[in-house]
Amino acid sequence: MGLTEEQIERYSRHIILEQIGGTGQEKLLSSKVLIVGAGGLGAPAALYLAAAGVGTIGIIDADKVDLTNLQRQVIHHTKDIGTDKVASAAEKIKAINPDVEVKTYKCWAKADNIRDIIRGYDFVIDGTDNFPAKFLVNDACYFEKTPFSHAGILKFDGQLMTILPGKTACYRCIFNSPPPAGAVPSCSQAGVLGVLAGVIGSLQATEAVKFLLGIGNLLTDTLLTYNALKMEFRRIHLSRNPDCPICGQNPQITKLKDEQQIVCDLRKPK
Amino acid sequence: MKIFVNGKNTDFSGSFTVSELLAEQNVKMPEMVSVELNGQILRRSEFEKTALKDGDKVEFLYFMGGGNGIN
Chain A
15 MGLTEEQIER
25 YSRHIILEQI
35 GGTGQEKLLS
45 SKVLIVGAGG
55 LGAPAALYLA
65 AAGVGTIGII
75 DADKVDLTNL
85 QRQVIHHTKD
95 IGTDKVASAA
105 EKIKAINPDV
115 EVKTYKCWAK
125 ADNIRDIIRG
135 YDFVIDGTDN
145 FPAKFLVNDA
155 CYFEKTPFSH
165 AGILKFDGQL
175 MTILPGKTAC
185 YRCIFNSPPP
195 AGAVPSCSQA
205 GVLGVLAGVI
215 GSLQATEAVK
225 FLLGIGNLLT
235 DTLLTYNALK
245 MEFRRIHLSR
255 NPDCPICGQN
265 PQITKLKDEQ
275 QIVCDLRKPK
Chain B
-18 MKIFVNGKNT
-8 DFSGSFTVSE
2 LLAEQNVKMP
12 EMVSVELNGQ
22 ILRRSEFEKT
32 ALKDGDKVEF
42 LYFMGGGNGI
52 N
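Residue numbers (the numbering used here), protein chains in the order written: chain A, 15 to 284; chain B, -18 to 52.
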C-alpha cells in the first residue's frame, strides 16, 4: 500500500514506535472497527481510532444528539443537538482524519441486522448503554467469531474486558442473562461521571489498536474494573464457563435473539 | 476464617454461605451480581448451598450498563 509523505508525518509518533512502525501503521489503515453506540463510550473510542488512522470506522446508532449527552459524549458538540448521532460522529471523524472511511448505520442494533453489519469488521467496540444490547453484541460477535471489547459504566465505576469468541471468556460466561427488570437501579440511583466514559472508552480503543496490530497482552479472561473515586484499578481473572449458555459445553443459544428491553428514562415526559 | 472478598483479606467468625456473604457485605441487589468462587463462576442456584471455607477467594462481578448511565 505504502504511506504518503503526509501520512508519514501525520502518523510519525506511531511510526517511530518500535512495536508499530510503518508496517503497523499500514495495518491500522487497512483495518475496520465497528463501534456500536455513538455515546459515552463510543465517542472517545471513535475519536482516538480516527486519530490513529484506523482505515474504516463503522458506527451504529439510531439516536439523535440531545443536551444531556454533551456532559460525556465528547464527539458531539452543542451545535449538533437534534442531529443524528451517526452524522455528528462521522463529521468529527472526517474532520480529525480524512484518511478514515466512515460507515454509518442509523438504526438500533437488533437480532435481525447486527450480524450482517458486523461481518467484514475486524474488531467491535461495545459502546451500548443497555443490557439487552450488550448481550446482543456478545452473541452476534460469538456467531460471527469477531473479537470485541465489552464495557460498562455506572456512577463512578467502570469495567471492561476483551473477548475472543470461542477462545476466551465471554460476557455470558460471567452474566448468564440480563438482570430482572426489578433489579436494575432506579432512575434516581443512576448517573455517571462524564470523564469515566472517556477513561473506559479510551481503554477500549487501546484494546482495539493492540488487537489490530497484534501487539501486547489483550484484556482477555480478565475483567478490569475501575473506580474513579478511589482511583483504583483491579484485574479480576476469569475463565471460560462450561455452563455458558452460548460458548459453554451445552449451548442453549444457537441463534441470535433480542433480549427484552428494560426501560428506565430520566427525561421528563413530553 | 479468612476469605478474600474482592481481593481483600477479610476475617469472618462462624460459617457463611455465599448468599449470607452477599447479605453481610451489604449487596443490596444480589440479582445484579455474579459470583466467582476460586476462579469459577458459581451458578446462582448454588449461592444458598455453597458454604465458604478458609482461604476462599470470592469476587462479586457487577452488571454495568453503559454510556447513558440510566440503564
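Ideal Cβ positions, reconstructed from N, Cα and C, are used throughout, including at glycine.
Can you look up residue i in the DSSP assignment and give me helix, strand or coil?
i	result
C201 of chain A	With a pLDDT of only 49 at C201 of chain A, under the threshold of 50, the placement of this residue in the model should not be trusted, and no figure is reported.
G208 of chain A	helix
L227 of chain A	helix
G172 of chain A	strand
V151 of chain A	helix
N291 of chain A	As shown, chain A starts at 15 and ends at 284. That puts residue 291 of chain A outside it, with no answer to give.
A32 of chain B	strand
F247 of chain A	strand
P55 of chain A	Pro is not the amino acid found at residue 55 of chain A; the sequence shown has Leu there. Here L55 of chain A sits in coil by DSSP.
K159 of chain A	coil
F145 of chain A	helix
H91 of chain A	coil
K(-17) of chain B	strand
K41 of chain A	helix
L48 of chain A	strand
G215 of chain A	helix
Y135 of chain A	coil
S(-4) of chain B	coil
L31 of chain A	coil
K282 of chain A	Bear in mind that the predicted position of K282 of chain A carries a pLDDT of just 43, short of 50, making it unreliable; the figure below should be weighed with that in mind. Coil at K282 of chain A, not helix or strand.
L238 of chain A	strand
I188 of chain A	helix
K117 of chain A	strand
K99 of chain A	helix
Using a cut-off of 9 Å between C-beta atoms, extract the partners of residue i located in chain A.
i	result
G36 of chain B	Neighbours of G36 of chain B on chain A: none; closest Cβ ~16 Å, over 9 Å.
E1 of chain B	Going along chain A, no residue has its Cβ under 9 Å from E1 of chain B, so there is no contact; the nearest lies around 19 Å.
S15 of chain B	I188, F189, N190
L42 of chain B	Q173, I188, F189, L237, T239, I250, L252
G(-12) of chain B	R248, I250
By alpha-carbon positions, which one of the options ends up nearest to residue i?
i	options	result
N255 of chain A	A:C187, A:A147, A:I132	A:C187
T9 of chain A	A:T239, A:F157, A:P161	Residue 9 of chain A cannot be examined here, being either before or after the span of chain A that is shown, 15 to 284.
E115 of chain A	A:T182, A:A76, A:A103	A:A103
L217 of chain A	A:T118, A:E40, A:L61, A:L43	A:L61
K30 of chain B	B:G46, B:E17, B:N(-10), B:S0	B:S0
A219 of chain A	A:G54, A:V79, A:N144	A:G54
I(-16) of chain B	B:K34, B:E27, B:G20, B:F28	B:K34
For a contact meaning CB atoms closer than 8 Å, what does residue i contact in chain B?
i	result
H251 of chain A	G20
D257 of chain A	I22, R24
Does residue i come within less than 7 Å of chain D when only Cβ atoms are used?
i	result
D77 of chain A	Going by chain labels, chain D is absent from the structure shown, which instead holds the protein chains A and B.
Would you check whether the ligand PLP has a heavy atom nearer than 6 Å to the C-beta of residue i?
i	result
L174 of chain A	As far as ligands go, the structure on display features none, and thus does not contain the ligand PLP.
Touching by the beta-carbon criterion (3+ pairs, under 8 Å), the region 129 to 140 of chain A and the region 44 to 62 of chain A: yes
Given 8 Å, three or more beta-carbon pairs between the region 170 to 182 of chain A and the region 62 to 77 of chain A: no
The region 75 to 90 of chain A / the region 204 to 211 of chain A touching (three or more Cβ pairs under 8 Å): yes
Cβ contact check for the region 235 to 244 of chain A and the region -4 to 13 of chain B: 3 or more pairs under 8 Å: no
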